[in-house]
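The next block holds one structure in the form of C-alpha cells; read it before the comments.
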Ligand code: DGL
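And the structure:
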C-alpha cells in the first residue's frame, strides 16, 4: 500500500482529459496535477525546449512526493520518452503506447489517421509505434497546431473551431481512414466538432481511458494502491492564471476546482 499521490502533468489543461478518466477508474487515488498553461503550447516548440520544460515540470512534481508519474501529454512523451524512462525510481506512464494499441484494436480497414501537435507529428512516433504492432496498417498523420489554442480558450464547439477542423482534416478524409487517433490530450475537448467533420463512420481514439487503465494496472502490480478507507485528495497547480485554470479546468473535469496553486515553474 502507498498513500502518496499520483503526479499527472501536461502543458496545460489537456491532461485533465486523462485525469478525468483516472478519477473515474480509480476514485480512491489522490492526485497532484500540474498544467503549464503559462508556457503552452509546447507542440510548436523545438524538441530541446520541450525536453527542458518537461524536466522542469517533473522536478516540480517530484517535490510533491509522488509515487507514480503520468505524462498526460503526447508532445512531452514524443520528445522525451527515452530520457524519462531511465531516470526515476517511480513508474512513469506515457500516452503514446496506450493510444497506439487502442487504434490497432479498433481499425477494420487498416487505415489509421493520427492528429497531434507539430512536435508529435514530426517525431513520427505514432507511425513507428503502430507499425511495430502491425506493419500492415497504413498511418496518415496531420499536425493541427491551432487545436491547442482553441482548447485552452474554451472554444470547443463554435463556428471557428469547425472551420479550422475542416481545413486540417479534409486531407485525412480523402485517405479513407476508419480510425482517428486524437494524439494530443487537448483534442478530446474538440471531439464533437472533429466527429462532425470526419463523419460517424470514423472511430475516434482518445488515449485518456487507455492511460487510466495502465495507471490502475501498474498500481495493482506494484502493490502501491492507496488505502481505500481514506478519501482522495486532489491538488492542482498551474503556471498561469489560477482563476482561468479553475473555471475551464472545472468544466473539463465536470467538478469544481478550488484553491489551485500558482507555480513559478522557471525556478525548477
Ligand atoms: N496536450 C499536449 C499533447 O498531448 C500538448 C499541447 C501543446 O502544448 O502543444 O500533445
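In my numbering, the protein residues as written are 4 to 271. From the three backbone atoms N, C-alpha and C, an ideal C-beta is built for every residue, glycine too. Bear in mind the structure is a predicted one, so any value in this text is a computation, not a measurement.
Ranking 125, 178, 65, 167 by CA distance to the CA of residue 116 puts 178 first. For the ligand DGL, no non-hydrogen atom lies closer than 8 Å to the CB of residue 147. For the pair residue 128 and residue 145, the Cα-to-Cα distance works out to about 13 Å.
The DSSP-derived three-state label of residue 52 is helix. In the DSSP secondary-structure assignment, residue 11 is bridged to 36, 73. Note: residue 265 is bridge-paired with 241 in the DSSP secondary-structure output. For residue 20, the enclosing alpha helix (DSSP H) begins and ends at 18-28. By the criterion of a C-beta distance shorter than 7 Å, residue 247 is surrounded by no residue of its chain, once the five residues flanking it on both sides are discounted. Counting along the chain, residue 100 sits inside the alpha helix (DSSP H) bounded by residues 99-109. At least one heavy atom of the ligand DGL sits closer than 8 Å to the Cβ of residue 45. In this structure, residue 187 places its C-beta atom within 9 Å of the C-beta atom of residue 76. In the same chain as residue 100, and ignoring 5 residues on each side of it, the C-beta atoms closer than 7 Å to its own belong to 132, in chain order. Residue 15 sits close to residue 44, with the two beta carbons spaced by under 9 Å. Residue 206 and residue 141 have their alpha carbons spaced roughly 16 Å apart. Secondary structure within the segment 129-202: the alpha helix (DSSP H) runs of 4 or more consecutive residues, fully enclosed, are 149-156, 162-177, 194-201 (chain order). For residue 224, the enclosing alpha helix (DSSP H) covers residues 210-224. Taking C-alpha positions only, residue 30 is separated from residue 235 by approximately 7 Å. Note on residue 91: under 16 other CB atoms within 10 angstroms of its CB, so exposed under the neighbour-count rule. The closest heavy atom of the ligand DGL lies 8 Å or more from the beta carbon of residue 105. DSSP places residue 124 in the uninterrupted alpha helix (DSSP H) bounded by 121-126. Taking the C-beta atoms as reference points, residue 57 is found no nearer than 9 Å to residue 189.
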